[in-house]
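The structure appears right after this line, and notes come after that.
Protein chains: 2
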Amino acid sequence: MGRPATRDEPRPGARTGPVRLADVAKAAKVSQPLASRVLNDDPAVRAAPETRARILEAAEQLGYVPHAGARSLRVSRTGLLGLVVHDLSSPIYLELMRGAREEAARHRYFLVLGDVDELLQDDDAFTILVSGRRVDGLVVQGGHGEFDRRIADIARALPTVVVNAPIDQDDVTQVYPDETTATRMLTQHLLGLGHRRVALVAGPRQSMTSRLREAGITAALDTAGLELREEDRVHADWTADAGRAGLEELLDRWQGRADRPTAVVAGNTLIGVGMLGAAAAHGIRVPADLSVAAVHDTWVSEHLVPSLTTVSLPLHDVGTVAVRTLLSGGPGGIRVELTDPPPVLHPRASTAAPPTRA
Amino acid sequence: MGRPATRDEPRPGARTGPVRLADVAKAAKVSQPLASRVLNDDPAVRAAPETRARILEAAEQLGYVPHAGARSLRVSRTGLLGLVVHDLSSPIYLELMRGAREEAARHRYFLVLGDVDELLQDDDAFTILVSGRRVDGLVVQGGHGEFDRRIADIARALPTVVVNAPIDQDDVTQVYPDETTATRMLTQHLLGLGHRRVALVAGPRQSMTSRLREAGITAALDTAGLELREEDRVHADWTADAGRAGLEELLDRWQGRADRPTAVVAGNTLIGVGMLGAAAAHGIRVPADLSVAAVHDTWVSEHLVPSLTTVSLPLHDVGTVAVRTLLSGGPGGIRVELTDPPPVLHPRASTAAPPTRA
DNA sequence: CTGAAAGCGCTTACAG
DNA sequence: CTGAAAGCGCTTACAG
Numbered sequence: 056m057g058r059p060a061t062r063d064e065p066r067p068g069a070r071t072g073p074v075r076l077a078d079v080a081k082a083a084k085v086s087q088p089l090a091s092r093v094l095n096d097d098p099a100v101r102a103a104p105e106t107r108a109r110i111l112e113a114a115e116q117l118g119y120v121p122h123a124g125a126r127s128l129r130v131s132r133t134g135l136l137g138l139v140v141h142d143l144s145s146p147i148y149l150e151l152m153r154g155a156r157e158e159a160a161r162h163r164y165f166l167v168l169g170d171v172d173e174l175l176q177d178d179d180a181f182t183i184l185v186s187g188r189r190v191d192g193l194v195v196q197g198g199h200g201e202f203d204r205r206i207a208d209i210a211r212a213l214p215t216v217v218v219n220a221p222i223d224q225d226d227v228t229q230v231y232p233d234e235t236t237a238t239r240m241l242t243q244h245l246l247g248l249g250h251r252r253v254a255l256v257a258g259p260r261q262s263m264t265s266r267l268r269e270a271g272i273t274a275a276l277d278t279a280g281l282e283l284r285e286e287d288r289v290h291a292d293w294t295a296d297a298g299r300a301g302l303e304e305l306l307d308r309w310q311g312r313a314d315r316p317t318a319v320v321a322g323n324t325l326i327g328v329g330m331l332g333a334a335a336a337h338g339i340r341v342p343a344d345l346s347v348a349a350v351h352d353t354w355v356s357e358h359l360v361p362s363l364t365t366v367s368l369p370l371h372d373v374g375t376v377a378v379r380t381l382l383s384g385g386p387g388g389i390r391v392e393l394t395d396p397p398p399v400l401h402p403r404a405s406t407a408a409p410p411t412r413a
Numbered sequence: 056m057g058r059p060a061t062r063d064e065p066r067p068g069a070r071t072g073p074v075r076l077a078d079v080a081k082a083a084k085v086s087q088p089l090a091s092r093v094l095n096d097d098p099a100v101r102a103a104p105e106t107r108a109r110i111l112e113a114a115e116q117l118g119y120v121p122h123a124g125a126r127s128l129r130v131s132r133t134g135l136l137g138l139v140v141h142d143l144s145s146p147i148y149l150e151l152m153r154g155a156r157e158e159a160a161r162h163r164y165f166l167v168l169g170d171v172d173e174l175l176q177d178d179d180a181f182t183i184l185v186s187g188r189r190v191d192g193l194v195v196q197g198g199h200g201e202f203d204r205r206i207a208d209i210a211r212a213l214p215t216v217v218v219n220a221p222i223d224q225d226d227v228t229q230v231y232p233d234e235t236t237a238t239r240m241l242t243q244h245l246l247g248l249g250h251r252r253v254a255l256v257a258g259p260r261q262s263m264t265s266r267l268r269e270a271g272i273t274a275a276l277d278t279a280g281l282e283l284r285e286e287d288r289v290h291a292d293w294t295a296d297a298g299r300a301g302l303e304e305l306l307d308r309w310q311g312r313a314d315r316p317t318a319v320v321a322g323n324t325l326i327g328v329g330m331l332g333a334a335a336a337h338g339i340r341v342p343a344d345l346s347v348a349a350v351h352d353t354w355v356s357e358h359l360v361p362s363l364t365t366v367s368l369p370l371h372d373v374g375t376v377a378v379r380t381l382l383s384g385g386p387g388g389i390r391v392e393l394t395d396p397p398p399v400l401h402p403r404a405s406t407a408a409p410p411t412r413a
């Protein structure tokens, strides 16, 4: 069904090459417009059932598939959305990509892959993708400094949804997860285990995402009458290497101090993985000496040693909702903080009750 | 440069909407064909330098970008390639995707994302992508059973390159890494450390990739006068969970036996990660009791505890070469086993000399 | 070498 | 309701 039938043996004089609408019309002995309307389910058509059937059968048998370019030229819709991500190497955004792709497929749309850095550096690539009417809209990963500032320009030229990180552009549609609730849950989990002093290896200082995550921690601590001390927080890139360095910095600060945090939150899973490595390298037992918990649940979280306590954000749904919002054609400038489904806590072996004070 | 200029204030009577070639021609006071030829660097053009300059400037100032659909209709080239992968969740194929995307970008091509499973299940999606002249060619991830059998059909309709895993279709162009050399290197590393008996948690039994990897191990052992015993090999899916189960199965077999392997090779990094987890769970110290090494180097390899010895395959280059091959328009049916760059060994903490016999 | 004309394949006002 | 005609924006034989 629907798959390209093996082309019939070319009869002498038969046209070769892909099947066009004209071929279908001729085979079904109807006009080309009627064939078009029937195939596109035009409700205004009143063709006799048998005519209709003849058209559908001809299309089926010839393996007719409309030429995407021709249709796009006529209706000025491409059936393509651009997905512009930052550096394809991060495992964290795969879920978002999957969600976006699946939702796009549901609408018979395809996703074209773009890269933030390339688009910033290569004007031609930028122009072709954004101004070449190559795609009907763009899903752009926010939170990347220089690029964020250009997004408003892009949004003026093309329907655009920023995902993942809120950016400072009010007139741009944005979809992002509930970061604050996520870290609040993570912190409450630690408090529930008995921790009273919690440290943070945060993301970059300028990152809005990082700030939201910190807000969740602060809120949870505040409710318990506690606070996140300035000295218990370091900033890191969103990488394992930086996470390693971040924890080492904290360990340095704690040198010889009896009164120190018993748990550390990692700004994301990569940072968390680096922290586990640093802890092992410095003889800090997790969770006996120190509990570690991170934002994002990835394939590796449960297989680390010790397995890593995380909170997962609904990134798949962020992708889904972003594409749906884009294709809904509604007004721009909407901000959606995705609260449903909520973040999910995954308590694992890296968190436990704090060591009893010596 | 090249970026869409902010549209001028619309003068009364001015046409609104995107700039067309006709607008450029009019502004430069030349015919539309001449404008087209100059903008496309037609070498036959002998226009006066000032005419040429006028055209380029008009295009620049109006922010002209050719309509992709219109051009595609005319020249029957879309400027798009399909990248059909299996399940976007695997961290292993990100490198391949990056390589493919970068090379495509170099040729001003964009990548459209497809999914193997979806294409198998959704005839419409399949038809639109493959027969809709939506893309000029396809890079398809091989090694996925049912889909492999359909690839030859696809290749008949559209230039196609299979990447990553060789498939059993001689007339289809294929690009894959040198799996055998990779595992040979890994095994030689273990032999060099003094191991004499090496076990394997392999990929699925039917996987060609898995067979090639096993061949490399066997070859290296053979050269050293050793062999991979049947009892020292188990098969697993390409997942961490399966790797965990795989090592547990081996540990079971070794129960109470003095003479047992001192090193295990993991069919890929996910399996390796699962194995490290299983070892820790069962009190097997890595590398003191057992060395573990895996195929593929991912972001997490060096941050695991212990850090995981791996061999990295040039997946980035596989992607690059696949796209280049596709765009070269050469004949099909070529098989490229990528031997340059060669696999790279990353010796880390998970491998060491075998324990001295009690 | 350049311009006027044709046409890629489709959809949709426009007549009938 | 349906068919003949127009036209989306581009490139390229075809004349000049």
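Chains as they are written, first to last, in my numbering: chain A, 56 to 413; chain B, 56 to 413. Glycine included, each C-beta is placed from N, C-alpha and C at the ideal position. No experiment lies behind these values; they were computed from the predicted model shown.
_For A348(B) and A318(B), I'd like the C-alpha separation in whole angstroms._
8 Å
When you compare the CB of V167(B) with every CB in chain A, is at least one pair closer than 7 Å? yes
For P73(B), I'd like the list of residues in its chain whose CB is within less than 6 Å of its CB, leaving aside the five on either flank, ordered along the chain. Closer than 6 Å at the Cβ level, and outside the excluded window around P73(B), lies no residue.
* To do: Tell me whether V190(B) is buried or exposed, calling it buried when 16 or more other Cβ atoms sit within 10 Å of its Cβ.
  => buried
Would you identify the three-state DSSP class for E24(B), choosing helix, strand or coil? Because residue 24(B) is not part of the residues shown, which for chain B are 56 to 413, the question remains open.
Which residues of the stretch 348 to 366 of chain A have a Cβ closer than 9 Å to any Cβ of chain B? Give them in chain order. Here the close residues are T353, W354, V355, E357, H358, L359, V360, P361, S362.
Give a yes or no on whether 7 Å exceeds the smallest Cβ distance from G329(A) to chain B. It does: the Cβ of G329(A) has a partner Cβ on chain B nearer than 7 Å.
Exercise for review: If I'm right that Q369(B) touches P232(B) with Cβ under 8 Å, what's the distance once you round it to whole angstroms?
Suggested key: The question names Gln, yet the displayed sequence has Pro at residue 369(B). So it is a contact: roughly 6 Å between Cβ atoms.
| query | Would you say E269(A) faces chain B, with C-beta separation under 7 Å as the test? | reply | no
Straight-line gap, G197(B) to N219(B) (C-alpha atoms, nearest Å): In a straight line, the C-alpha of G197(B) is about 6 Å away from that of N219(B).
query: Which partner residues does F202(A) have in the DSSP bridge list?
result: Per DSSP, F202(A) has no beta-bridge partner at all.
Query raised in the report: Using the beta-carbon of each residue, which ones in chain A are nearer than 9 Å to M263(B)?
Result: Those within 9 Å of M263(B) in chain A number zero; the least Cβ separation is about 24 Å.
Mind listing the chain B neighbours of T133(A)? Cutoff is C-beta to C-beta under 9 Å, in chain order. A123, G124
I'd like the span of the alpha helix (DSSP H) that includes D170(B), first residue to last. Careful: D170(B) lies outside any alpha helix (DSSP H), inside the beta strand (DSSP E) at 165 to 170.
Whose Cβ in chain B lies nearer than 8 Å to the Cβ of M152(A)? L143, L168
**Prompt:** Thinking C-alpha only, which one of A343(A), T375(A), T364(A) is nearest P409(A)?
**Reply:** A343(A)
- Taking the beta strand (DSSP E) that G192(B) falls in, what are its first and last residues? 192 to 196
Q) Start and end of the alpha helix (DSSP H) containing L128(A)? A) 123 to 130
Margin query: Beta-carbon within less than 6 Å of S405(A)'s beta-carbon, same chain only, minus the 5 sequence neighbours each way: which residues are those?
Written below: If we look at S405(A) and ignore the five residues flanking it on each side, its Cβ neighbours are V341, P342, V347, P361, L363, T364.
Counted within 10 angstroms of its Cβ, other Cβ atoms place H371(B) as buried (16 or more) or exposed
Answer is buried; the Cβ neighbour count reaches 16.
Problem set entry | chain A within 7 Å of A90(B), Cβ atoms only | No, A90(B) lies away from the interface with chain A (no Cβ there is under 7 Å from its Cβ).
Opposite V217(B) in the DSSP bridges: which residues? V195(B), Q229(B)
Residues bridged to V289(A) [DSSP beta-bridge criterion]: V256(A)
Between the stretch 171 to 203 of chain B and chain A, which residues of the former have a C-beta closer than 8 Å to a C-beta of the latter? E173, D177, D178, D179, A180, F181, T182, I183, L184, V185, S186, G187, R188, R189
Are the C-beta atoms of A160(B) and some chain A residue less than 7 Å apart?
At least one chain A Cβ lies under 7 Å of A160(B).
Checklist line | Nearest-angstrom Cβ-Cβ length linking G301(A) and I339(A), presumed shorter than 8 Å | finding: Contact doesn't hold; Cβ gap of about 14 Å is too wide.
- Message: Less than 7 Å between CB atoms is the rule here; does V120(A) satisfy it with respect to chain B?
- Response: Yes, because at least one Cβ of chain B sits closer than 7 Å to the Cβ of V120(A).
Review point. How big is the Cα-Cα spacing for Q176(B) and V378(B)?
Key: C-alpha separation (whole angstroms): 26 Å.
- Closest by C-alpha distance to D142(B), when choosing among G169(B), R163(B), R132(B), Y164(B): Nearest C-alpha to D142(B): G169(B).
Any C-beta of chain B sitting closer than 7 Å to the C-beta of L128(A)?
Interface residue, yes.
Notebook entry, point to check: Looking at C-alpha atoms only, which residue of W293(A), V320(A), E286(A), A295(A) is the closest neighbour of R308(A)?
Noted result: E286(A)
*Between the stretch 310 to 344 of chain A and chain B, which residues of the former have a C-beta closer than 8 Å to a C-beta of the latter?*
So the list reads L325, V328, G329, L331, G332, A335, given in the order they occur along the chain.
Legend entry - Neighbourhood of R107(A) by C-beta distance below 8 Å, restricted to the same chain and skipping five residues each side: V93, V100
*Could you pull out every residue in the same chain whose Cβ sits closer than 8 Å to the Cβ of T394(A), ignoring the five residues on either side in sequence?*
D233, T236
Taking beta-carbon pairs under 9 Å, can you tell me which members of the stretch 96 to 113 of chain A lie near chain B?
From the stretch 96 to 113 of chain A, no residue has a Cβ closer than 9 Å to chain B.
- Query: In three-state DSSP terms, what is L345(B)?
  - Reply: coil
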